[in-house]
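Protein chains in written order, with my numbering: chain A, 40 to 536; chain B, 40 to 536; chain C, 40 to 536. Input: a single structure, listed below in structure tokens.
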Amino acid sequence: MRRTARDLITVAAIALALGVFSAGALGAASVSRDSKNCIACHEEATPGIVADWRKSAHARVTMNEALGKSKLKRRVSAVEPPEALKAVVVGCAECHNINPKDHKDTFDHNAYQVHVIVTPKDCATCHPTEVTQYGRNLMAYARTNLRNNPVYHGLAKEVNGIHGYDGETITRREPSAATNLESCDFCHGSTVEVAGTETRETIMEEMDFPILKGWPNQGVGRVNPDGSRGACSACHARHHFSIEVARKPYTCSECHKGPDVPAYRVYMVSKHGNIFSSLQHSWDFNAVPWVVGKHFTAPTCATCHVSLVTSEGGYVVAKRTHQMNDRSEWRLFGLIYAHAHPKSPDTTIIKNKAGLPLPTELTGEPVSAFLIDAKERENRRLTMQELCFACHSSGWVEGRFKQLAATIRETNEKTLTATKLLLKAWERGAARGLVQGDSIFNEAIERKWTEAWLFYANSIRFSSAMCGADYGVFANGRWYLAKTIRELQDWVEFKTK
Amino acid sequence: MRRTARDLITVAAIALALGVFSAGALGAASVSRDSKNCIACHEEATPGIVADWRKSAHARVTMNEALGKSKLKRRVSAVEPPEALKAVVVGCAECHNINPKDHKDTFDHNAYQVHVIVTPKDCATCHPTEVTQYGRNLMAYARTNLRNNPVYHGLAKEVNGIHGYDGETITRREPSAATNLESCDFCHGSTVEVAGTETRETIMEEMDFPILKGWPNQGVGRVNPDGSRGACSACHARHHFSIEVARKPYTCSECHKGPDVPAYRVYMVSKHGNIFSSLQHSWDFNAVPWVVGKHFTAPTCATCHVSLVTSEGGYVVAKRTHQMNDRSEWRLFGLIYAHAHPKSPDTTIIKNKAGLPLPTELTGEPVSAFLIDAKERENRRLTMQELCFACHSSGWVEGRFKQLAATIRETNEKTLTATKLLLKAWERGAARGLVQGDSIFNEAIERKWTEAWLFYANSIRFSSAMCGADYGVFANGRWYLAKTIRELQDWVEFKTK
Amino acid sequence: MRRTARDLITVAAIALALGVFSAGALGAASVSRDSKNCIACHEEATPGIVADWRKSAHARVTMNEALGKSKLKRRVSAVEPPEALKAVVVGCAECHNINPKDHKDTFDHNAYQVHVIVTPKDCATCHPTEVTQYGRNLMAYARTNLRNNPVYHGLAKEVNGIHGYDGETITRREPSAATNLESCDFCHGSTVEVAGTETRETIMEEMDFPILKGWPNQGVGRVNPDGSRGACSACHARHHFSIEVARKPYTCSECHKGPDVPAYRVYMVSKHGNIFSSLQHSWDFNAVPWVVGKHFTAPTCATCHVSLVTSEGGYVVAKRTHQMNDRSEWRLFGLIYAHAHPKSPDTTIIKNKAGLPLPTELTGEPVSAFLIDAKERENRRLTMQELCFACHSSGWVEGRFKQLAATIRETNEKTLTATKLLLKAWERGAARGLVQGDSIFNEAIERKWTEAWLFYANSIRFSSAMCGADYGVFANGRWYLAKTIRELQDWVEFKTK
């Protein structure tokens, strides 16, 4: 139930009837008539987001102005945007009322055909290149790849499931939809579906709204009611859509901070992270293009993985990408062994010799047919190194990349050691796993093995790749990996002797 | 021993004798004569805090000016403050020399009756509403509720005690007063008592000071020498008393960051925390009232739990409160099971069926007579939701609150599973606990059980309530809770077979 | 392989030939001719660092100007710097071309004798006092003390080594040089040696460069090709060398954040850390001297351990030091028991009764002959307390120091308890350690014992010393130390019964 401020209705109703708003109250004169009507009520209904939007580039720049900028300065990639959008700024209606027929979540709202969920397909109206690139990104398939991979779906169920105890054994019920939404699916994305309509009281009057399953959600691999994949708002926080937010590492940290994927934590103990933390107040996070040394003096996540970066002289150090892994040759995390990136963002198509949808065998051997080849790996490495060279000598850069290659080999080797110990436990019947057709994640000893690679080997590689050494030694890296191997040994020796 | 700067004495003595100070040296002309005398010496004795105070609103605004502001802009709640305070700014003497007879720690200091410890009762001179509200807050009883609850006091002694080993068994001495002061009591508060007087060398001359037991301390439930409870300086850091500091989450993090109460960590991986971190430099943390969307574009801890928040149009989204839990229906942390908030901030009055001062039974069943009822729970939930509605739609908000309700149920259920395993261990004599009349926190297996609820179930609920999913999955949540249940099973099976 | 931009050659070649650059393009007119020549190419070769350097004091201030400042404001300590440096700012050549004969890494680069690695000996040209002080710092010996101490070197090998499993036992290969460089040596420092010459493609043409072993590295105890120890760039990040960066705690956090040395984490939950985080935007991190209360209102790491701090009246609260431990009486971390600081930064000279290079016996008894005496301890304590007194009363400060003393005693006592349990395991043959002449770090139970002191006792002391209570209770302190003792007991009882 909402507060009801009936006096608001009068004000808004009058305003709607008159259709007259000052530029000061509703934004620049180039706000569309439809958006002005949205704002008339939402200024009071949801004042926070209206005020937030007013601070955005969307509220200030028309498509014509955006297209008028030189190529390096341009923030839109559309060449021929719809005529109706050209002279207006991007207000509520330009996003929430667009493509109504594609959206199963479209509903009638004060005579407008509105959808709650703005999707990549909607954003592609002005930003088509970014949306296309994003579609080639593993992140666009984050939900699909988790849900449709029985190994990983099994892990998710064991983590989120509701465990009981009947006095003899541990039982497990399936996790609830609510729990999935606020755990794995929070980052990986939900499938949003319309499940009917309901009437809600609002500050204006009773209104009908769609009932949305899988909502709220902003996961990067969200499957939307228009069939598209992803949520641009995962990184471009509503309703300011600030490029500053997307460029700062805090955004990435929403999903890349935990022990399974500690990119943010590693970054923050690196020299780069230190300089960012210390001097960010003097940087320009809104400039396009982003000029190395001028606008920033150390990279953030976006610098290396996403942004268009140039020198002050205009040399393009790196082109903008939203594929995000096209500057990375190795997939360092999430799987049992590090390996070259998969060719397709849809990893459910991979099959290893054991028939499992995994990019390596259980021994670490890569399933090469599904992975990028040496040439593509080199391309990606060289693309990334161009960014390093902007501040570092060849000797420095190549030294670092050699260290990473050694670390990938050694962490894979240590993971194999942990795996051999678990196989021994299964063989001897001390635990029940692949050999017995049982889950490989449910027993305490299997959890310990999982941590060996999911947390520790993974963290060591991150700490190597991003030069955040401190995290990879005692924080959650080599110390714990070596300790885990010894504990696995301790347990196996006890149980099998 | 202090440095002795005898030349300072001359300067200060002359200054005192003349009673003449420039406004530049001692602050505005409206600094009281008494405070000017304090500053004359402390400018050199403790230059840091004098300079800090000069930056404060206290140093710039007289009570008359404060009272002259419109109601929403006013920062004082006194209606009839003492006449003597009206025309002066709030200097040293206005806080440290006030209410001398109430203060057992009052001592003679250069002919002034001074007390070191400024208490909520002192602050109530100008801020009575806030102090009254704070008195209804669980935090005001943080010390009492910990010390006078034998279950929790037992946990504290097991954590802080000094363990020895005599070759056969582990011994435990009581923790020292020093250790208690810098562990539990640091946040929960000490009892400050005067234990005599001592003479100390100062930069001026030898002087007498009270010997204070339980000092230094700024814990939120501190029992003060005037009988009052709390320390406003816990959140309003001396001597700037900046509202900016109190509104930023770093303040809360001093006590709410560890695995037992990781509110700060959860916030920082939420979208709210990301936006705060990224854009705080452009927000106004000193404005009163605090206007959503204008002064800030995402909530901090204070926004949701304390602050007066309005829309730009002047609509009051939330009234200021210092009770802090009056917008929260559930008590998520600190106890074995989540439950509705207790009615009284003094929780030592609660008794469950087993006679323990706990708000639930060991099975999780709430001890409802001592807890707020459904109506009050709804009131609190709606008050909180008003803040959400400032930026989010009804569907979004209600979806989130449903998730939290499910999570409370499910984490309580998992905690019960862990508890059943421990009960089994006690029944079978594999460990010694309630059944044997032994501590429930001293053995290794009991520690593991404690982590199940104190760390993991608790963190999952926080991560749900504050939408910081990442923390609730692998960081310190579902992964570890499920793993702990499996490890308890492993241990119990081994010990009881 | 680098991008080749042959057109750049033309531009640079012409520029070099003409020797004419505008002040705008190459910095102030007082940039030396040699440095201008460096910049001519590196402006395009490594644009990030050239732009970074332009923001530095080095790029703006000549030695003559630096020497002209009053003593408290001066940032250089040289009295008679080389004549050639006096009239120019500190550009590329002034650091990378200096002392060519001392540098084994000197090579011919476009007719200049250049070295890649700028060392403390190079920095001493203008900052001799700081370099001398740093040489008395434990940090200058961080590599030596780790590598040449067989106990600690043994720990490092067990952490970094590559573990295998042959079906029966765990094997261990020596860690690779690459792994050492990005783990222990990353912070402790490498030994950098020239191992030949190689030809590399550059954006200009093919050039010869030295092959450097132990590179890249910026560890604090780096052994340099000119025989000096240390890397000023560890804290003074290249090429801005901003005093702001060195004064902010993020710099220290690069090496002091992990569970073995969590100074940064403790600081961030302290009141000091809260005030820093909340108000740093309003502080002046570039002012020299640093005036307490005016330029900052709470200390950072540098304030207490390094910086020159004065009152606004010019009273010197603390002199600048780069010894860094000369305000600290206790060595709180890294060793099994806390103890007074060693006299010499070279700790490999210490021998305890058991003949081990440790500053205490295995029972905690200090090896006093090698440690600072009571008088020096008092001196250091009083020096530190002067900083506290700038904002705190004597009672407050002495209360805190008493708490620390108690905590050192009690954590040492608990560590002894853990050690006794391990000794029992060794005696009974449940584990193989000193008694059996085996590593004391390789078995699971030995790892648990190591965590008792390296992580938990250590963290408790930090949290006491820096008033960050939250970290020392549940985060990584008393809870885990007491739990570890109980788990050691559990394991020993099971294995020895």
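Glycine residues also receive a C-beta, built at the ideal position from the N, C-alpha and C atoms. Note that the structure is a prediction, hence the values are computed from the model and not measured.
If we require 4 or more residues per run, which alpha helix (DSSP H) segments fall completely within the stretch 383 to 435 of chain A? 413 to 428
Check whether the Cβ atoms of B/GLY260 and B/ALA195 lie closer than 8 Å to each other. no
Other residues of its chain near C/HIS275: CB distance less than 6 Å, five sequence neighbours each side excluded: ALA285
Proximity of A/PRO264 and A/GLU232 at Cβ, strictly below 8 Å: yes
From B/CYS427 to B/ARG304, what distance separates their C-alpha atoms? 20 Å
I want to know whether the stretch 519 to 530 of chain C touches the stretch 312 to 323 of chain C - three or more CB-CB distances under 8 Å. no
Touching by the beta-carbon criterion (3+ pairs, under 8 Å), the stretch 151 to 167 of chain A and the stretch 127 to 142 of chain A: yes
So, is A/PRO189 buried or exposed, given that buried needs 16 or more other C-beta atoms within 10 angstroms? exposed
Could you tell me which whole beta strand (DSSP E) segments of length 3 or greater appear in the stretch 120 to 174 of chain A? 146 to 148, 151 to 153
Per DSSP, which residues does A/PHE335 bridge with? Please list them. A/VAL331
Name the chain B residues whose beta carbon is nearer than 8 Å to that of A/CYS223? VAL512
Expressed to the nearest angstrom, what Euclidean distance is found between the alpha-carbon atoms of B/GLU466 and B/VAL474? Each residue's alpha carbon lies about 7 Å from the other.
Partner residues on chain A for C/ASN325, Cβ-Cβ distance less than 8 Å: Per Cβ cutoff of 8 Å: no residues; C/ASN325 is ~11 Å from chain A at best.
Could you round the C-beta distance between A/THR85 and A/VAL127 to whole angstroms and report it? I think they count as a contact, below 8 Å. Contact doesn't hold; Cβ gap of about 21 Å is too wide.
Here's the rule: buried if 16 or more other CB atoms are within 10 angstroms of the residue's CB, otherwise exposed. What is B/ALA132? buried
On the criterion of 16 or more Cβ atoms from any shown chain inside 10 Å, does C/HIS378 qualify as buried, or is it exposed? buried
Using the Cα positions of A/LYS382 and A/VAL345, report the straight-line distance between them to the nearest angstrom. 19 Å
Rounded separation between B/LEU395 and A/ALA234 - CA only: 47 Å
For B/GLY193, the first and last residue of its enclosing alpha helix (DSSP H): 189 to 199
Tell me the DSSP secondary structure of B/MET102 in three-state form. Three-state result, B/MET102: helix.
Measuring CB to CB, does A/TRP435 end up less than 8 Å from A/ALA457? Cβ distance not < 8 Å, so A/TRP435 and A/ALA457 don't count as in contact.
Under 7 Å by beta carbon: chain C residues contacting B/PRO255: TRP435, GLY438, ARG439
Within 10 angstroms of its Cβ, does C/LYS110 collect 16 or more other Cβ (buried), or is it exposed? exposed
Taking 8 Å as the CB-CB cut-off, is B/SER498 touching chain A? So, not an interface residue.
Would you list the residues sitting across from B/GLY203 in a DSSP beta bridge? B/THR210
Any contact of the stretch 474 to 485 of chain A with the stretch 242 to 257 of chain C, i.e. 3+ C-beta pairs under 8 Å? no
Within 10 angstroms of its Cβ, does B/THR320 collect 16 or more other Cβ (buried), or is it exposed? At residue 320 of chain B the sequence reads His, which differs from the Thr that was named. Classification for B/HIS320: exposed.
Per-residue burial, B/ILE88 [other beta carbons within 10 Å of its own, 16 or more giving buried]: If you draw a 10 Å sphere on the C-beta of B/ILE88, you find 16 or more other C-beta atoms in it, and that means buried.
In chain order, what residues of the same chain have a beta carbon less than 6 Å from the beta carbon of A/ASN497, not counting five sequence neighbours either side? PHE372
Any beta carbon from chain B within less than 8 Å of C/ILE484's own beta carbon? no
Compare the C-beta of C/ALA521 with all C-beta atoms of chain B and state if any pair is closer than 8 Å. yes
If you follow the alpha helix (DSSP H) that B/ILE524 is in, where does it begin and where does it stop? Counting along the chain, the alpha helix (DSSP H) containing B/ILE524 begins and ends at 517 to 535.
Can you tell me which of the three DSSP states C/PHE480 falls into? In this structure, C/PHE480 counts as coil in the three-state DSSP scheme.
If the cut-off is 7 Å on Cβ atoms, which residues from the stretch 286 to 301 of chain A count as contacting chain B, listed in chain order? LYS287, TYR289, THR290, SER292, GLU293, CYS294, LYS296, GLY297, PRO298, ASP299
Counting pairs of Cβ atoms below 8 Å between the stretch 499 to 512 of chain B and the stretch 215 to 231 of chain A, do you hit three or more? The stretch 499 to 512 of chain B, when compared against the stretch 215 to 231 of chain A, does touch it at the 8 Å Cβ threshold.
Along chain B, in chain order, which residues have C-beta atoms closer than 7 Å to that of A/ASP91? GLY332, THR336
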